[in-house]
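Quick note: the sequence shown uses the working numbering, first residue 2, plus one each step.
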Amino acid sequence: MFNRVTSFCRKVLNRDNKSRAIEDLKLEVIPRKAHGISRKGISENALKVLYRLHKAGYEAYLVGGGVRDLLLGRDPKDFDIATNATPDEVRKLFRNCRLVGRRFRLAHILFGRDVIEVATFRGHHTDPKKSKHTARSEDGMLLRDNVYGSIDEDAQRRDFTVNALYYNIADFSIRDYAGGVDDLNNRIIRLIGDPETRYREDPVRMLRAVRFAVKLDMTINPATAAPIETLAPLLQEIPSARMFEESLKLLQAGQGLATYKMLREYHLFEQLFPAVAAHFTEEHTSQTEQMLEQVLSSTDKRIANSQRINPAFLFAAMLWYPVVTRAEEMTFESGLSYYDAFMVAANDILDEQVKTVAIPRRFTAMVREIWQLQMRMTRRTGARAFKLLDESKFRAAFDLLEMRGAVEGGDTEVLGAWWRDFQRADQGGRQKMVRAINKVSNTRKPRRRKQAPRRRKPQSNSSS
């Protein structure tokens, strides 16, 4: 009996340690009565698209994260659709359609701000007859992938087993091609196919593995996790604009702190933010690391409370100490004033950062403004404090100052407390606080000694 139990456990462990080979994929059709997905959980606009495609004679499936989240009892953020209709055929059916994407052509059906993404079934890019529609880099990364195929081929092209789930609008069944339902039940994130090959095709899959594991509270399958640390530098080849979108999904989706910790575990974070990672320590105690934990924890709480968040503030906090360190180095080496060195350092750090994560200019402008206000908030005499309150980014600058105070303590913490009290005070109280600052400032100024006028030497009247 013991041997039978041991053998069974070994089989289960071996199964969980493996990736899901493409050739081993077997379709399982789960009828409506055997699963919990109801059309009530699917958005009205997604249903409109599914029904119109179906009535026009095309296959139409809700696919990927939408099916996954519905099976987990979650509210899907997006409803993506897969079909055998080509993008041009989709556009003919929907006047509110636009085609997007270079690497892989997609149709976006627009319902105001709601966008339903429709993708044509992808085929195998190894077919020589379709070589003109596909292209790879020397490292195996897919550069162009407009190869269409069947639903079976599309399932093989999906990244993770839990995303290879298709809800069929024709009979309301679920088509499970890779044991995705089992992995959902066992809370496992597992790649379809050879992990190294799949990561080389699209290195962003490494980030997605981490994001899904944290978001869904799952474990990354050992075979899926094994190549990540070695292949992490491949992310440097991803366009920085795409990395910006991925960074927001990772850090501003409500689980930013946990995601950051897992990214560090797999050495992925430094590929996105090298200037920040340069300040990492084994003890995780540097000022930069303390700031990261603060800003990501704060962001998670704001999202949980349905409060607004701004990527500019996140980047301003993350990059603050790299800028300060660079400014101090420049002041020492070049003899520039600290303010001038800070402005140069700010530009340098942002220029370096956008090479890996292309932060848009509208955000980098806000980042600079928040940083400049850190310098101005130390000067509170006269009317300066009142003017600062009217600055559009004052609140963001104050939040950063408070976080700095928690990290640095001392004068920075005292300064943050002063500004907090100043905001809460009425007009009379504010004037009293400023008068106190003026008095302290005046007493600190050294008095200039009056110089006695020089006596002019009398001119000699003697003749030569």
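Each residue gets a CB set at the ideal place from its N, CA and C atoms; glycine is no exception.
Computed from a predicted model, the values in this text were never measured in an experiment.
query, result
"Whether residue 196 touches residue 225 by CB criterion (9 angstroms)", "yes"
"Any C-beta of chain D under 9 angstroms from that of residue 109", "Among the chains in the structure shown there is no chain D, since it carries only a single protein chain."
"Terminal residues of the beta strand (DSSP E) in which residue 84 lies", "81 to 84"
"N-terminal and C-terminal residue of the alpha helix (DSSP H) that residue 152 is part of", "152 to 158"
"Candidates 425, 400, 86, 426, of which the one nearest residue 414 by Cα", "400"
"C-alpha gap between residue 44 and residue 326, whole angstroms", "49 angstroms"
"Proximity of residue 289 and residue 331 at Cβ, strictly below 9 angstroms", "no"
"Residue 424 burial status per 10 Å Cβ neighbour count (16 or more: buried)", "exposed"
"Residue 209 beta carbon near the ligand COA (any heavy atom closer than 8 angstroms)", "In the structure on display, the ligand COA does not appear, and there are no ligands present to speak of."
"Exposed unless 16 or more other CB atoms sit within 10 angstroms - verdict on residue 348", "exposed"
"Under 9 angstroms between C-beta atoms of residue 61 and residue 68", "no"
"Check whether residue 120 and residue 82 have beta carbons under 9 angstroms apart", "yes"
"Cβ neighbour criterion (16 or more within 10 Å) applied to residue 260", "buried"
"Spatial distance of residue 7 from residue 187 (CA atoms)", "For residue 7, the pLDDT reaches just 39, beneath the cut-off of 50, and the residue's location in the model is therefore unreliable, although a value from the coordinates is still provided. Straight-line Cα distance between these residues: approximately 20 angstroms."
"Of the residues 35, 364, 157, the one placed nearest residue 245, counting alpha carbons only", "364"
"Separation of residue 341 from residue 227, as counted between CA atoms", "46 angstroms"
"N-terminal and C-terminal residue of the beta strand (DSSP E) that residue 177 is part of", "175 to 177"
"C-beta atoms of residue 177 and residue 192 nearer than 9 angstroms", "no"
"Sufficient close CB pairs (3 or more, under 8 angstroms) joining the segment 152 to 172 to the segment 23 to 39", "yes"
"Beta-carbon proximity check, residue 277 vs residue 312, cutoff 9 angstroms", "no"
"Anticipated Cβ contact below 8 angstroms, residue 229 with residue 55, distance rounded", "Actually they are not in contact, since the Cβ atoms of residue 229 and residue 55 sit about 39 angstroms apart, beyond 8 angstroms."
"Beta-ladder partner(s) of residue 306, from DSSP", "Beta-bridge pairing links residue 306 to no other residue."
"Under the three-state DSSP convention, the category residue 286 falls into", "coil"
"Residue burial classification, residue 257 (beta-carbon count within 10 angstroms, cutoff 16)", "buried"
"Alpha carbon of residue 395 to alpha carbon of residue 266, nearest angstrom", "35 angstroms"
"Runs of beta strand (DSSP E) lying entirely within the segment 242 to 281, each at least 3 residues, in chain order", "none"
"For residue 190, the residue or residues it bridges with in DSSP", "221"
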